[in-house]
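All remarks here apply to the structure that follows.
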Ligand SMILES: Cc1cc2nc3c(=O)[nH]c(=O)nc-3n(C[C@H](O)[C@H](O)[C@H](O)COP(=O)(O)OP(=O)(O)OC[C@H]3O[C@@H](n4cnc5c(N)ncnc54)[C@H](O)[C@@H]3O)c2cc1C
Ligand SMILES: Cc1cc2nc3c(=O)[nH]c(=O)nc-3n(C[C@H](O)[C@H](O)[C@H](O)COP(=O)(O)O)c2cc1C
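Residue numbers (the working numbering): 1273 to 2055.
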């Protein structure tokens, strides 16, 4: 077999090694345009888990690599004169040059031919090769040559960054967030060998310009960085090696394989440097290719196997990198945070690290985070313990005169079980049991303001006395038997109305017994859905009056809070999104125009709703669709409602158009809540695939929301909050006297269960290489 590898970076060299081990008879040549030892960059980092993989696949190179590595366990965050260190991270670094020399040596040893100063212009010269590996890096000539086939998508990120080096020793992966007269600068720095550290500097494009970095050469810009970070460099110089400022290209390719050619490493996909995974991805691609070549009977089958088998893992890493890079791009959102809360945000930015998992590794740090959170709550007038505070989830929140005892919320969820809009026994038990279960705030399902405002025939409403009496019974029960507050969500289905019950076909039009639907514009939801009537001014007045009447009935029921549903493509949302509003009058066109009617309804409600009771608005912060609402629009929408007197923005997403492309995942809507909260400076509630109390605490502690709503988790677990309270020892969570014995038991058992769980976790965690190295070099204690 003949294999040609274009590009002698980590991907090319490691695939040469693994393929040659597998097929010693194969003729494998690596073509590299540079000389053997001239390489850009300074250090590379790997996690312990990546190193374990290297050990499995090629022990000799693993041994040589690890002999050269610098290990560290701590991440240190420097911000506004403070340093927070968190241990147990298990990373190591080595010089990129050393890594490449080790891989070259190993490849040669195995019989791979390495040709340097061989710049390949055209792959036609490899017509006789069975396999051509395109590992030619981020600017891949061959990916671009077959651009139509590989279909790369290159997202050039806004921040500027430059890779430099220093002789400054470092004993932790170090993030420095530095305020300057021009704006914030960030340094990501780590030591990769004795006396050498990598320094990646990052800043936003405006700060870059203001700092006069445009037009400076490498040396001059390094000098500017040395001035800014001089206090930390302690006289050590900054080193340069192709240290130009650039914008990071996030690359994703639709296809990775063309005939017998395959893209590997940066050529096919990149991952932002802030999660240190570029070299890891490149080498793990080589592993995946070698595995596929081992398994599959033909090269063609192997390449298909590589592409399908590897994609999910690469996309997961890219997603984590995306989330991380966005955090760094918007660091200004957190700039006025308490430093410990800021550091907690840095640690938890990419979702893998959470509140509970930091409690295990760095209990002192988490205690400090809890204290900072409790101090903020105390500053708002609550007499909470700030020395030994409860976890953030169990801290109270006040909106106007309403106090919510904890931050866990039952999200609004249609039960499709009302008869003529009247909530029945099912609803009483449903809302009642969730209130008894300890949630701080319960939202009703979307409660419709008129018969024709319903989504389905099973939707609840509040337009007549019978409905009012039924809701009153529920509200009274909640108030009499729990500490929960209860909010009424009012809505109008708009073009998504007259549809079937969820279990008969969500959003599908009713075949019989439907009613006429209205919307901002006459655009049906499905092609075969009813075409809605475009609302005229009279229809708007009628809808507004219906909302006001329902709110007045809500007040008569005793609800504590009112939410206006402006999300998920229903009537008011249909005005806000440009995808569903094509009007040419004063209610269409610009965002301000599209917001006009929803704001008018909100203002009418605000005037009718008692001034001491809070109001929220639920929005879709993105439509997940081309040309639709984006996170930036959501900030503008939140600002407009805040000006109109909203107390809380309930940040949901999507469901506007049926061909949306949401990116699901754990806590997937939380970034929008974070953006709205910290840019529009308004209290937010986040929701969406948040399933554990650990996630609730992580979100709150990092300042990404003020309340956390859980929908589906509450459907199967009414006592979600009470159980979490037992786990975190929050013993002031309300429990009705009838349930006290159960409460005492779970609180007692939880102490032991938690201890057992933590012991197991600690036992199951392998020692990091840094810990093992520290143990091996520790002087023996005197006998
Ligand atoms: C300045 C800098 C510093 C970095 N530091 C880190 C870090 O600290 N940690 C980390 O994990 N990642 C780091 N990265 C990212 C990391 O280098 C890449 O993710 C990783 O090297 C990808 O490996 P690769 O083999 O796919 O590509 P590369 O390492 O880019 O290798 C591609 C090789 O192909 C060669 N080549 C290109 N075209 C041709 C051609 N036509 N003919 C012959 N040869 C060709 C190039 O000369 C190059 O040697 C850094 C990147 C840069 C630019
Ligand atoms: C069965 C069901 C009914 C829902 N009904 C409503 C509703 O009436 N009003 C609303 O704003 N959101 C509604 N939603 C959305 C939820 O409030 C919540 O935002 C969504 O389920 C995501 O949160 P989760 O992952 O915690 O379930 C509903 C969701 C489900 C699953």
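Just so it is clear, CB atoms sit at the ideal spot from N, CA and C, and this is done for glycine as well. This structure is a prediction, so every number in the text was calculated from the model and none was measured.
Under the DSSP definition of a beta bridge, which residues are partnered with residue i?
i, result
"residue 1519", "1432"
"residue 1315", "1367"
"residue 1301", "1276 and 1385"
"residue 1670", "1675"
"residue 1680", "1980"
"residue 1459", "1448 and 1473"
"residue 1347", "1358 and 1445"
"residue 1437", "1470 and 1511"
"residue 1694", "1691"
"residue 1887", "1834"
"residue 1790", "1805"
Excluding five sequence neighbours on each side, which residues of the same chain lie with their C-beta closer than 7 Å to the C-beta of residue i?
i, result
"residue 1525", "1415, 1422, 1423, 1424, 1535, 1540 and 1541"
"residue 1291", "1275, 1298, 1300, 1562 and 1565"
"residue 1728", "1688, 1771, 1772 and 1773"
"residue 1902", "1894"
"residue 1985", "1963 and 1992"
"residue 2006", "1677, 1710, 1754 and 1755"
"residue 1482", "1454 and 1455"
"residue 1884", "1672 and 1673"
"residue 1738", "1694"
"residue 1596", "1544, 1546, 1547, 1621 and 1622"
Can you find the residues in the same chain that come closer than 6 Å, C-beta to C-beta, to residue i, ignoring five residues on each side of it along the sequence?
i, result
"residue 1367", "1315, 1464 and 1465"
"residue 2052", "Only weak support exists for where residue 2052 lies, its pLDDT of 48 falling under 50; the value from the coordinates is given anyway. None."
"residue 1280", "1302 and 1304"
"residue 1853", "1792, 1793, 1847, 1860 and 1866"
"residue 2054", "Here the model assigns residue 2054 a pLDDT of 38, short of 50, so the residue's position is not dependable and the matter cannot be decided."
"residue 1549", "1543 and 1589"
"residue 1844", "1838 and 1870"
"residue 1538", "1409 and 1410"
"residue 2022", "1998 and 1999"
Ligand 2 and residue i: does any heavy atom of the ligand fall closer than 7 Å to the residue's C-beta?
i, result
"residue 1837", "yes"
"residue 1685", "yes"
"residue 1983", "yes"
"residue 1967", "no"
"residue 1739", "no"
"residue 1901", "no"
"residue 1802", "no"
"residue 1959", "yes"
Say whether chain C places a C-beta atom closer than 8 Å to the C-beta of residue i.
i, result
"residue 1781", "The structure shown contains no chain C; it is built from a single protein chain."
Confirm the yes/no value for this check: CB of residue i, any heavy atom of ligand 1, distance under 7 Å.
i, result
"residue 1449", "no"
"residue 1413", "yes"
"residue 1313", "yes"
"residue 1536", "yes"
"residue 1435", "yes"
"residue 1279", "yes"
"residue 1552", "yes"
"residue 1856", "no"
"residue 1549", "yes"
"residue 1589", "no"
Under 8 Å Cβ to Cβ from residue i, same chain only, skipping five residues before and after it: list those, please.
i, result
"residue 1877", "1762, 1819, 1820, 1823, 1834, 1836 and 1887"
"residue 1401", "1274, 1275, 1276 and 1532"
"residue 1458", "1447, 1448, 1449, 1450, 1473, 1474, 1475, 1600 and 1603"
"residue 1609", "1617 and 1975"
| message | Would the segment 1874-1890 count as touching the segment 1917-1931 if we require 3 or more Cβ pairs under 8 Å? | response | In this structure the segment 1874-1890 touches the segment 1917-1931; the number of beta carbon pairs closer than 8 Å is three or more.
| query | With a cut-off of 8 Å, do at least 3 Cβ pairs link the segment 1793-1810 to the segment 1718-1735? | reply | Because the criterion of three Cβ pairs below 8 Å is not met, the segment 1793-1810 and the segment 1718-1735 do not touch.
| Where in the segment 1533-1580 do unbroken runs of the alpha helix (DSSP H), each at least 4 residues long, occur, reported from the N-terminal end onward? | Fully enclosed alpha helix (DSSP H) runs of no fewer than 4 residues occupy 1550-1567 of the segment 1533-1580, in order along the chain.
| query | In the segment 1925-1982, which residue ranges form an unbroken beta strand (DSSP E) of at least 3 residues, counting only runs that do not cross its ends? | reply | Qualifying beta strand (DSSP E) stretches, in chain order: 1956-1959 and 1979-1982.
| field | the segment 1637-1647 / the segment 1376-1384 touching (three or more Cβ pairs under 8 Å) | value | The answer is no - the segment 1376-1384 does not touch the segment 1637-1647, with fewer than three Cβ pairs under 8 Å.
| query | Is it a yes or a no for the segment 1958-1977 touching the segment 1922-1940, going by three-plus beta-carbon pairs under 8 Å? | reply | Contact holds between the segment 1958-1977 and the segment 1922-1940, because three or more Cβ pairs, one in each stretch, are under 8 Å apart.
| request: Report yes or no: do the segment 1510-1519 and the segment 1432-1441 share at least 3 C-beta pairs separated by less than 8 Å? | output: Judged by Cβ distances under 8 Å, the segment 1510-1519 makes contact with the segment 1432-1441, as three or more pairs qualify.
| query | Should the segment 1997-2004 be called in touch with the segment 2013-2031, which here means at least 3 C-beta pairs below 8 Å? | reply | Touching, yes, given that three or more Cβ pairs across the two stretches are closer than 8 Å.
| task | Kindly provide the ranges of any beta strand (DSSP E) runs that are 3 or more residues long and lie completely inside the segment 1593-1659, ordered along the chain. | result | Within the segment 1593-1659, not a single complete beta strand (DSSP E) segment reaches 3 residues in length.
| Going along the chain, which unbroken runs of the beta strand (DSSP E) with 3 or more residues stay wholly within the segment 1730-1771? | Whole beta strand (DSSP E) segments, 3+ residues: 1757-1763.
| request: Please confirm if the segment 1440-1453 is in contact with the segment 1339-1359, defined as three or more CB-CB distances below 8 Å between the two stretches. | output: The answer is yes - the segment 1339-1359 touches the segment 1440-1453, with three or more Cβ pairs under 8 Å.
| request: Say whether the segment 1393-1407 touches the segment 1493-1505, bearing in mind that this needs 3 or more beta-carbon pairs closer than 8 Å, one atom from each stretch. | output: As far as the Cβ criterion goes, the segment 1393-1407 does not touch the segment 1493-1505, which means the pair count is below three.
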